[in-house]
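K.L.:
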Amino acid sequence: MADTPVAAATRRRQQRAEETRTALLQAATTAFSVGGFDSVSVRQLEEAAGVKRGLVGYHFGAKEQLWRAVVAQLFAALADQFVGRVEALGDVAPAEAARAVIKAFVRYSAAHPELNRLMMQECAGDSWRVACIVEEHVAPMLDRLAEALPEATTLLWGERDPHRYYLMVGAGAFVFSAEQECRHLFAMDPRAPDFVERHAELVANLLLGTAAAPAPTGGS
Numbered sequence: 222m223a224d225t226p227v228a229a230a231t232r233r234r235q236q237r238a239e240e241t242r243t244a245l246l247q248a249a250t251t252a253f254s255v256g257g258f259d260s261v262s263v264r265q266l267e268e269a270a271g272v273k274r275g276l277v278g279y280h281f282g283a284k285e286q287l288w289r290a291v292v293a294q295l296f297a298a299l300a301d302q303f304v305g306r307v308e309a310l311g312d313v314a315p316a317e318a319a320r321a322v323i324k325a326f327v328r329y330s331a332a333h334p335e336l337n338r339l340m341m342q343e344c345a346g347d348s349w350r351v352a353c354i355v356e357e358h359v360a361p362m363l364d365r366l367a368e369a370l371p372e373a374t375t376l377l378w379g380e381r382d383p384h385r386y387y388l389m390v391g392a393g394a395f396v397f398s399a400e401q402e403c404r405h406l407f408a409m410d411p412r413a414p415d416f417v418e419r420h421a422e423l424v425a426n427l428l429l430g431t432a433a434a435p436a437p438t439g440g441s
């Protein structure tokens with residue numbers, strides 16, 4: 222049965238609202254990951270999204286709530302594409318599971334460099350945003366991983382050893398956050414599939430102490 226005029230109009234309004242919300246989230250993700258929360262105004266975010274003035278307030282309430290929505294979206298993708306997948310490795314040998322965790326993290330970081338960029342922006346200083354990142358997202362994620370893969374996570378960072386944890390995060394994610402430097406310095410695209418897979422192998426070997434990955438065949 223065809224929609225009534227009222228139902229069709231309602232559906233169009235809902236679609237426009239969802240498109241506006243998506244545009245704001247995309248614009249805010251870029252802005253917050255490049256310059257941080259304080260680098261951009263609400264109006265600048267609306268202009269970057271190509272929407273009317275006042276729509277940040279309408280859809281999110283305030284810039285703080287928009288920032289929280291951006292972070293929640295990024296960590297939801299991390300949970301889906303990284304944590305959710307490695308949780309299935311409970312019956313795998315711990316060393317193999319640890320290697321899979323590292324590789325999954327590298328692949329996620331290559332696909333979504335915005336998360337690490339945003340965290341680098343915010344964690345350079347102390348604020349409610351750092352508390353939000355740690356308390357609402359990072360710590361629960363590490364708890365979830367430790368519960369699902371206790372032996373593998375002990376191999377990775379012991380009893381929450383900060384040195385080993387940041388070795389994994391830095392080695393696994395930084396090259397993708399510094400994408401343009403890598404392009405200029407090495408004439409290579411760090412997000413190219415071959416580069417990502419070699420980097421994942423190298424990081425796993427570095428952290429777990431196994432044989433070196435094969436040398437690259439050339440730039441991309």
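Just so you know, this note's numbering puts the end of the sequence shown at 441, numbered straight through with nothing missing. Each residue gets a CB set at the ideal place from its N, CA and C atoms; glycine is no exception.
#1: Report all residues from its chain with a CB closer than 8 Å to the CB of residue 266; omit the five preceding and five following residues, and keep chain order.
#2: Between residue 376 and the rest of its own chain, which residues show a CB-CB distance below 8 Å, the 5 nearest in sequence each way excluded?
#3: How is the alpha helix (DSSP H) around residue 225 delimited, first residue to last?
#4: Please report the Cβ distance between residue 341 and residue 398, rounded to the nearest whole angstrom; I am assuming they are in contact, meaning their Cβ atoms lie under 8 Å.
#5: Taking C-beta to C-beta, are residue 477 and residue 306 nearer than 7 Å?
#6: Please identify the residue among 384, 327, 308 whose C-alpha is closest to the C-alpha of residue 362.
#7: In whole angstroms, what separates the C-alpha of residue 370 from that of residue 234?
#8: Which value, in whole angstroms, describes the spacing of the CA atoms of residue 396 and residue 329?
#9: The alpha helix (DSSP H) with residue 310 in it runs from where to where?
#10: In this structure, how does DSSP classify residue 284 when only helix, strand and coil are distinguished?
#11: Whole angstroms is fine: what's the gap from residue 353's alpha carbon to residue 290's?
P.N.:
Quick look at the numbers:
#1: As a position in the sequence shown, residue 266 is number 45, starting the count at 1. Excluding sequence neighbours, residue 266 sits near 245, 248, 249, 252, 277, 284, 287.
#2: As a first step, residue 376 is located in the sequence shown; it is residue number 155 there, counting from the start. Non-local C-beta neighbours of residue 376 in its own chain, meaning closer than 8 Å and more than five positions away in sequence, comprise 315, 316, 319, 429, ordered along the chain.
#3: Against the sequence shown, residue 225 aligns to sequence position 4. No alpha helix (DSSP H) contains residue 225, which DSSP labels as neither H nor E.
#4: Here the question's residue 341 lines up with position 120 in the sequence shown. Here the question's residue 398 lines up with position 177 in the sequence shown. Confirmed, about 6 Å.
#5: Outside the modelled stretch of the chain, which goes from 222 to 441, sits residue 477, for which no answer is possible.
#6: If you number the sequence shown from 1, residue 362 lands on position 141. The option with the nearest alpha carbon to residue 362 is 308.
#7: On the sequence shown, position 149 is the one that residue 370 refers to. On the sequence shown, position 13 is the one that residue 234 refers to. Approximately 45 Å between the Cα atoms of the pair.
#8: By one-based count along the sequence shown, residue 396 stands at place 175. By one-based count along the sequence shown, residue 329 stands at place 108. Approximately 13 Å, taken between the alpha carbons.
#9: Locating residue 310 in the sequence shown gives position 89, where the first residue counts as 1. According to the DSSP assignment, residue 310 belongs to no alpha helix (DSSP H), since it is labelled neither H nor E.
#10: Against the sequence shown, residue 284 aligns to sequence position 63. Helix at residue 284.
#11: As a first step, residue 353 is located in the sequence shown; it is residue number 132 there, counting from the start. As a first step, residue 290 is located in the sequence shown; it is residue number 69 there, counting from the start. Distance between residue 353 and residue 290, taken at the CA atoms: about 11 Å.
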